[in-house]
Amino acid sequence: MADTLLAARRLLFVCSQNKWRSLTAEGLFDGHPHYEARSAGTEPGARVRVTAGHLGWAEVVFVMERRHADRLREKFTEALRNKPVIVLRIPDKYQFGDSRLVALLRERLGTHLPLLPAASAPSCGEAA
Numbered sequence: 001m002a003d004t005l006l007a008a009r010r011l012l013f014v015c016s017q018n019k020w021r022s023l024t025a026e027g028l029f030d031g032h033p034h035y036e037a038r039s040a041g042t043e044p045g046a047r048v049r050v051t052a053g054h055l056g057w058a059e060v061v062f063v064m065e066r067r068h069a070d071r072l073r074e075k076f077t078e079a080l081r082n083k084p085v086i087v088l089r090i091p092d093k094y095q096f097g098d099s100r101l102v103a104l105l106r107e108r109l110g111t112h113l114p115l116l117p118a119a120s121a122p123s124c125g126e127a128a
């Protein structure tokens, strides 16, 4: 799995509603020369709801909580076969672009991604 992470270029970030955590994570990679990021949510009312297409596109999937990984594995068993799913353990207590959330994302992602973007504010648009 370590080799997969080192080579990964397409990152998918998943939380519940795709409004705060995963959208902030996606924004950290806007314009990055080595990574392409997308985000989605697991809940029916998510801004962008995760599909098998998202999972097929991604080389690695980062989820904010274990329940997100469980839900994905339940619904998309085949699409996740041989695909790393990493639980970041980031609780649903941050709003979009929160500096504490950005710092926590950088800390947790830094252990998995060797080419993490330089520390700066996320360049994401406003959450819908």
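Here full-length UniProt numbering is used: position 18 in the sequence shown is 18, and no number is missing along the way.
Note that the Cβ used here is the ideal one computed from N, Cα and C, for glycine as well.
All values derive from a computational prediction rather than experimental measurement.
Could you check if residue i is buried or exposed, using at least 16 other CB atoms within 10 Å of its CB as the buried criterion?
i, result
"G31", "exposed"
"R21", "buried"
"L12", "buried"
"E74", "exposed"
"K19", "buried"
"A52", "exposed"
"E26", "buried"
"T24", "buried"
"S39", "buried"
"E65", "buried"
"G41", "buried"
"H54", "buried"
Could you pull the DSSP bridge partners for residue i from this structure?
i, result
"R10", "E36"
Out of the options, which one is the CA nearest neighbour of residue i?
i, options, result
"G110", "T77, R71 and F62", "F62"
"W57", "L80, K75 and R67", "L80"
"A16", "R67, E78 and P114", "Reading off the sequence, residue 16 comes out as Ser, not Ala. Measuring from the Cα of S16, the nearest candidate turns out to be R67."
"V14", "R89, L113, E78 and Y35", "R89"
"V50", "F76, L101, K93 and R9", "F76"
"P44", "G97, R71, R10 and S99", "R71"
* **Segments assigned beta strand (DSSP E), at least 3 residues, entirely inside the region 17 to 87** => Entirely contained in the region 17 to 87, the beta strand (DSSP E) runs reaching 3 residues are, in chain order, 36 to 41, 60 to 63 and 85 to 87.
* **Cβ contact (3+ pairs, closer than 8 Å) linking the region 95 to 107 and the region 75 to 85** => Flag = no, the region 95 to 107 and the region 75 to 85 do not touch.
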